[in-house]
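Let me begin by presenting the structure, written as structure tokens, before commenting on it.
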Amino acid sequence: GYRFVLVGGYRYESQSYHSANDSSQNWHLWADFSSQLPFLCLQTTMVSPTWKARCELLGSAFMKKNVSQSARDNVTFMKLDGSLTNGGFLELQVEGNVPVTQNAWVGVYTQGTYEGLKGEVTGRSVNGSGAGWFDPTPYNFYASKFFWFLGLNCNVQF
140 GYRFVLVGGY RYESQSYHSA NDSSQNWHLW ADFSSQLPFL CLQTTMVSPT
190 WKARCELLGS AFMKKNVSQS ARDNVTFMKL DGSLTNGGFL ELQVEGNVPV
240 TQNAWVGVYT QGTYEGLKGE VTGRSVNGSG AGWFDPTPYN FYASKFFWFL
290 GLNCNVQF
């Protein structure tokens, strides 16, 4: 048989990168990204006595990514802050299984995810020569992410 489902949900993601603050190096890099993602998902499942398959398509045009990034060397400090809201998210998941016993199934699973967002961030910099902070400057900022993986799975029904 076939089954179709429409699902709504929310996904939160956070990424941080902080370089080691080693005194032998004259630079430091710090970056934080956090994403808020409300999404809709269309899922279909097909089952027969000799196989079963599942396919999900998730998407959102309402994604938001907060950006906070700074870099420092001996002379200059720069900082960028802002939110990216123009763009979206798309994910596809596909799974297929065949039975090996009455209660055990084996198969493959794959997932591909893409997100692309752009927006404006504000950059500020200060020069170590004592000139002070320069006026904030707007920058167009683009962030994208793509990943894909493939795996084997085993399902056991009790």
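Numbered continuously in this note's numbering, the sequence shown closes out at residue 297.
Backbone N, C-alpha and C define an ideal beta-carbon position, used for all residues, glycine too.
Cβ separation of residue i and residue j, assumed to be a contact under 8 Å, to the nearest whole Å
| i | j | result |
| --- | --- | --- |
| L176 | F143 | Incorrect: roughly 23 Å between the Cβ atoms, too far for contact. |
| M300 | E259 | Since the first residue shown for the chain is 140 and the last is 297, residue 300 is missing from the structure and cannot be characterised. |
Cross-strand partners of residue i (DSSP beta bridge)
| i | result |
| --- | --- |
| D171 | S155 and S207 |
| G148 | F178 |
| M202 | Per DSSP, none; premise fails for M202. |
Enclosing beta strand (DSSP E) for residue i [first to last residue]
| i | result |
| --- | --- |
| S264 | A243 to N266 |
| G235 | T215 to P238 |
| F280 | T276 to V295 |
| G198 | K191 to S199 |
Reference residue i; option with closest CA among the options
| i | options | result |
| --- | --- | --- |
| N213 | E195, N266, Q296 and S283 | N266 |
| Q182 | W190, C194, S174 and F172 | C194 |
| P275 | T249, V295 and K218 | K218 |
| F172 | E234, S264, G221 and L289 | G221 |
| S158 | V237, F285, P238 and A210 | A210 |
| G226 | Y281, W190, A243 and V245 | Y281 |
| V186 | S264, W244 and E230 | W244 |
| S207 | N242, T184, L231 and T261 | T261 |
| G235 | Q250, L223 and Q241 | Q250 |
| F288 | Y248, Q296, N279 and G198 | Y248 |
| Y149 | Q296, S174, H167 and L231 | S174 |
| T184 | S155, N242 and L145 | L145 |
| T189 | N294, S264, V239 and L256 | V239 |
| Q241 | N294, Y141 and L196 | N294 |
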